[in-house]
Every structure is written in C-alpha cells, then in structure tokens.
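Everything on this sheet refers to the single structure shown next.
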Amino acid sequence: MFKTISEGNVKINVPIERKISKKLSVFYNPVMKFNRDLSVLLLNTVNKKNIQIALPLAGTGVRGVRFLKEVKGIKHVYMNDNNEKAVKLIKQNLKLNKTSKATVSNADANKFLLDGFGFDYIDIDPFGSPNPFLESSIIRLSRKGILAVTATDTSALSGSFPLACMRKYWAKPLRNEQMHETGLRILIRKVQLIGAQFDKALTPIFSYSKDHYMRVFFLCEKGKTHCDKIIKQHNFVVFENDYAGPLWIGQLWDKKLAAKMFNNNKIIENSSFLKIINDESKINTLGFFDLHRISKRYKIHNMQKKEEVTKKLKKKGFKVSNTHFSGTGIRTNASIEDIVKVLK
Ligand SMILES: C[S@@+](CC[C@H](N)C(=O)[O-])C[C@H]1O[C@@H](n2cnc3c(N)ncnc32)[C@H](O)[C@@H]1O
Numbered sequence: 043m044f045k046t047i048s049e050g051n052v053k054i055n056v057p058i059e060r061k062i063s064k065k066l067s068v069f070y071n072p073v074m075k076f077n078r079d080l081s082v083l084l085l086n087t088v089n090k091k092n093i094q095i096a097l098p099l100a101g102t103g104v105r106g107v108r109f110l111k112e113v114k115g116i117k118h119v120y121m122n123d124n125n126e127k128a129v130k131l132i133k134q135n136l137k138l139n140k141t142s143k144a145t146v147s148n149a150d151a152n153k154f155l156l157d158g159f160g161f162d163y164i165d166i167d168p169f170g171s172p173n174p175f176l177e178s179s180i181i182r183l184s185r186k187g188i189l190a191v192t193a194t195d196t197s198a199l200s201g202s203f204p205l206a207c208m209r210k211y212w213a214k215p216l217r218n219e220q221m222h223e224t225g226l227r228i229l230i231r232k233v234q235l236i237g238a239q240f241d242k243a244l245t246p247i248f249s250y251s252k253d254h255y256m257r258v259f260f261l262c263e264k265g266k267t268h269c270d271k272i273i274k275q276h277n278f279v280v281f282e283n284d285y286a287g288p289l290w291i292g293q294l295w296d297k298k299l300a301a302k303m304f305n306n307n308k309i310i311e312n313s314s315f316l317k318i319i320n321d322e323s324k325i326n327t328l329g330f331f332d333l334h335r336i337s338k339r340y341k342i343h344n345m346q347k348k349e350e351v352t353k354k355l356k357k358k359g360f361k362v363s364n365t366h367f368s369g370t371g372i373r374t375n376a377s378i379e380d381i382v383k384v385l386k
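So the sequence shown is numbered by the numbering used here: it starts at 43 and just counts up by one.
What follows is the structure, given as structure tokens:
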C-alpha cells in the first residue's frame with residue numbers, strides 16, 4: 043500500500059508503514075528531509091553546469107527526483123537500488139513528477155558504480171556505515187567532483203562502542219560533549235584515507251552532525267601532493283585526561299560556501315542551523331568549550347548565560363560563536379583560562 047506525499051517541489055509515492063526501520067519494503071524517512079533539503083541547497087550554491095549525479099542507494103527515489111526538479115544544471119541522474127520494489131517505485135515517482143534525464147537500475151551499489159563512469163556528484167546514503175561503498179564511489183568520482191557521505195552508525199563514531207569505531211574507522215572516539223565533533227572528524231579521516239589510495243584528495247566543504255546521523259560533503263582533487271597535504275592534517279586530539287583519533291584536524295567547512303548557503307537559503311524553513319554553521323565556519327578551532335563542563339570543573343556556582351559569556355569574550359577581542367554540536371558549547375579562539383576568567 044502506498045500514499046502520495048509532498049516533499050520540496052515534488053510528489054512522491056511512499057509505502058504506508060507504521061515504523062521507520064531498515065525492514066521497510068522501501069525505505070522513506072521523513073526525518074531525512076533536512077538532509078535532502080541541504081543537499082539541494084548545496085548543489086544549487088556550488089552551481090556547477092552539466093553535472094552527472096549517481097545515487098547508488100536511491101530508496102524511493104525522492105532525493106533523485108528532487109534533484110531533477112530543484113537543482114539547476116543537471117545533465118543526468120543515475121539512480122540505483124538493490125531492492126526491486128524500490129526500483130519500481132523510483133520509476134513510478136519519476137513518472138509522477140514528469141521528469142526525464144534519469145536512468146534507473148537494480149544492482150548492488152558497488153557493481154552499479156564500478157560498471158559506470160565518472161560522476162560529478164555521488165551521494166552515499168546507506169543504512170549504517172558508508173564503508174562498504176567508499177572505494178567504488180571514490181573510484182568513480184570525477185576531478186572536482188563532490189562526494190556526499192551519510193553515516194548513521196553514530197554509536198560507533200561517537201564512542202558508545204569504541205572497539206567498533208577502532209575496527210571500522212581506525213580511530214579511538216570520545217564519549218563526552220565533544221563526541222559528535224570528534225566522531226565527524228574520525229569519519230572524515232577514514233574517507234580521506236580511502237581517497238588517498240586512489241590519489242584523490244578529499245577536502246570537506248560542508249560537514250555536520252544532526253539527529254541520528256553525520257554528514258560530510260567532500261570536494262575531490264587529484265594528485266599525490268594534494269593527498270599528502272590532507273594526510274598531514276591527521277592527528278590525535280587530547281581532551282582533559284583522554285584523547286581521540288587519529289582524526290581530521292583541518293576545517294570542517296569551506297567558509298565561503300557556508301556563507302553563501304546561509305545567504306541563498308530559501309529551502310530550509312528554520313535557517314538557525316545554517317546560521318550557526320556559518321558563524322562556526324569562521325572560527326577554525328579543533329573542538330569547542332562546553333560551559334556546563336567548565337563550570338563544574340572549575341566549581342563556578344553562579345553560571346552566566348551563554349549569550350553573556352559570548353558578549354564578554356567578544357568585547358575582549360576573541361572570536362566566539364555557538365556550535366551546532368552542542369547547545370551548551372561555544373566555539374572560540376579564546377583559551378580555557380580566558381573563559382574561566384570571564385566566568386568567574
Ligand atoms: C537509507 S536508504 C536510502 C534513502 C534514500 N537515499 C533517500 O534519500 O530517501 C538505503 C537504500 O539502500 C538500499 N541498499 C542497501 N544495500 C544496498 C546495496 N548493497 N546495493 C544497492 N542498494 C542497497 C536499500 O534497499 C535502501 O533503499
């Protein structure tokens with residue numbers, strides 16, 4: 043049984059099911075609308091012409107149909123899913139929206155990619171870890187192409203299962219306020235290491251952690267020198283008496299892109315998330331400061347509001363912003379001593 047829903051500028055037939063789970067006949071998750079909105083926004087902001095898109099794990103086709111209807115400059119979208127029912131639904135959804143410029147296939151994602159050719163944008167949107175699809179996606183990623191990666195196995199990346207993180211992402215995670223940022227940076231490094239095997243340097247241009255998932259968009263450049271530069275930015279991070287890593291210590295965002303996305307946004311209703319990321323992207327620090335943790339550690343009883351602390355630090359000349367990783371955190375180039383002085 044199906045129902046027709048609207049998302050963005052399209053109508054989509056989706057299965058009627060009571061619970062969102064991996065076991066759905068075809069997977070449609072309304073929570074991921076934000077993920078799809080942001081992908082549309084990013085593609086329209088980078089504004090490349092004549093692009094060929096690959097969606098190896100296309101599900102209902104909602105992402106692909108939305109790209110065709112909402113992104114300018116697309117030459118063709120290749121959608122694939124190993125579930126026959128999904129493929130049928132993708133074809134229906136293309137018809138429903140009167141879209142052409144699409145090819146649909148029913149194969150294993152890796153076979154689909156390796157049998158294909160160079161793509162300008164590849165979106166890996168799996169159940170759980172993107173690991174099984176990284177190599178073939180990177181092999182097929184064009185020079186200056188964009189690789190979008192979603193990971194929903196956040197329990198490994200953000201430290202609930204540190205051994206799983208070591209096995210799958212080759213790094214030690216943290217389990218505290220920093221865990222989402224360190225997890226995201228661990229994921230980035232893993233993807234970059236796979237890229238380096240093929241002389242492809244993958245620089246994150248927009249990254250975030252939200253709900254049950256982490257998401258990174260990488261820009262691809264070819265060449266050993268570019269790869270060496272990336273690998274030089276892999277390191278450990280020490281946090282109080284613990285550590286995480288190795289992980290990516292470079293920028294999480296291209297700040298010009300983050301600003302353009304915030305300014306161009308007409309698609310994401312509540313733009314506060316984009317605003318925070320735009321602000322954070324201007325402060326290049328590894329990690330942030332959690333004010334609750336600091337006040338406990340330094341026994342500060344009269345806790346000031348975050349806005350007040352921010353104002354005072356800015357007055358002293360420091361850069362300060364909120365962070366999308368935590369409601370009680372600030373990203374700043376001030377030191378812990380500077381912050382404690384203001385708090386006291
Ligand atoms: C999370 S859903 C994709 C959702 C979709 N991208 C969206 O935005 O709505 C993952 C999809 O991958 C498909 N899938 C899982 N393993 C696969 C594989 N090895 N090859 C191809 N498709 C696969 C599943 O059938 C499912 O439709």
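A virtual CB, placed ideally from N, CA and C, is assigned to each residue, including glycine.
Note that the structure is a prediction, hence the values are computed from the model and not measured.
Where glutamate 311 sits in the DSSP three-state scheme: As a position in the sequence shown, residue 311 is number 269, starting the count at 1. Correct three-state label for glutamate 311: coil.
Is it the case that the Cβ atoms of asparagine 71 and leucine 138 are separated by a distance below 8 Å? Counting from 1 along the sequence shown, the entry for residue 71 is found at position 29. Counting from 1 along the sequence shown, the entry for residue 138 is found at position 96. Going by C-beta atoms, asparagine 71 is not nearer than 8 Å to leucine 138.
Give a yes or no on whether the C-beta atoms belonging to cysteine 262 and arginine 185 are separated by under 8 Å. Counting from 1 along the sequence shown, the entry for residue 262 is found at position 220. Counting from 1 along the sequence shown, the entry for residue 185 is found at position 143. Yes, Cβ-Cβ distance for cysteine 262 and arginine 185 is below 8 Å.
Coarse secondary structure for aspartate 270, derived from DSSP in three states: Here residue 270 refers to the residue found at position 228 of the sequence shown. Correct three-state label for aspartate 270: helix.
Considering only heavy atoms of ligand 1, does any lie closer than 7 Å to the CB of leucine 155? As a working note, residue 155 is residue 113 in the sequence shown. No, the Cβ of leucine 155 stays beyond 7 Å of every heavy atom of ligand 1.
Measuring CB to CB, does leucine 199 end up less than 8 Å from proline 215? By 1-based counting over the sequence shown, the position of residue 199 is 157. By 1-based counting over the sequence shown, the position of residue 215 is 173. Against a cut-off of 8 Å, the Cβ pair of proline 215 and leucine 199 comes out as a contact.
Would the segment 222-236 count as touching the segment 116-123 if we require 3 or more Cβ pairs under 8 Å? no
How would you write the range of the beta strand (DSSP E) that glycine 106 sits in, first residue to last? Sequence index remark: in the sequence shown, residue 106 carries index 64 (1-based). It is not in any beta strand (DSSP E) - glycine 106 instead sits in the alpha helix (DSSP H) that spans 104-112.
With a floor of 4 residues, list each alpha helix (DSSP H) that falls wholly inside the segment 190-254, ordered by position along the chain. 196-199, 204-211, 221-239
In its own chain, which residues sit with a C-beta less than 6 Å from the C-beta of aspartate 192, not counting the 5 before and 5 after it? As a first step, residue 192 must be located in the sequence shown, where it is residue number 150. It should be noted that the sequence gives threonine, not aspartate, for residue 192. Answer for threonine 192: Asp167, Tyr255, Arg257, listed in chain order.
Give the straight-line distance between the Cα atoms of leucine 155 and cysteine 207, rounded to the nearest whole angstrom. Here residue 155 is taken as the residue at index 113 of the sequence shown, counted from 1. Here residue 207 is taken as the residue at index 165 of the sequence shown, counted from 1. One C-alpha to the other measures close to 26 Å.
Three-state secondary structure (DSSP) at phenylalanine 331? Position 289 of the sequence shown, counted from the first residue, corresponds to residue 331. Note: phenylalanine 331 maps to strand in three-state DSSP.
Taking Cβ to Cβ, would you say leucine 189 is nearer than 8 Å to phenylalanine 260? Counted from its first residue, the sequence shown places residue 189 at position 147. Counted from its first residue, the sequence shown places residue 260 at position 218. Going by C-beta atoms, leucine 189 is nearer than 8 Å to phenylalanine 260.
At 4 residues or longer, what runs of the alpha helix (DSSP H) sit wholly inside the segment 317-368? 333-339, 348-357
Which whole runs of the beta strand (DSSP E) in the segment 122-176 are 3 residues long or more, in chain order? 144-147, 161-166
Can you grab the Cα-Cα spacing for the pair threonine 141 / lysine 324, in whole Å? If you number the sequence shown from 1, residue 141 lands on position 99. If you number the sequence shown from 1, residue 324 lands on position 282. Distance between the alpha carbons of threonine 141 and lysine 324: 39 Å.
In three-state DSSP terms, what is proline 57? As a working note, residue 57 is residue 15 in the sequence shown. Note: proline 57 maps to strand in three-state DSSP.
Out of curiosity, what's the CA-to-CA distance linking threonine 365 and glutamate 322? Numbered from its first residue, the sequence shown carries residue 365 at position 323. Numbered from its first residue, the sequence shown carries residue 322 at position 280. Near 6 Å, if we compare the C-alpha coordinates of glutamate 322 and threonine 365.
Are the Cβ atoms of threonine 102 and alanine 128 separated by less than 8 Å? One-based indexing of the sequence shown puts residue 102 at position 60. One-based indexing of the sequence shown puts residue 128 at position 86. Their beta carbons are under 8 Å apart, which means threonine 102 touches alanine 128 by this criterion.
Considering leucine 289, what are the terminal residues of the beta strand (DSSP E) in which it resides? Locating residue 289 in the sequence shown gives position 247, where the first residue counts as 1. 284-290 is the extent of the beta strand (DSSP E) around leucine 289.
Taking 7 Å as the cut-off, is the beta-carbon of threonine 141 closer than that to any non-hydrogen atom of ligand 1? As a working note, residue 141 is residue 99 in the sequence shown. No.
First and last residue of the alpha helix (DSSP H) that includes asparagine 306? Position 264 of the sequence shown, counting from 1, holds the residue named residue 306. 297-306 is the extent of the alpha helix (DSSP H) around asparagine 306.
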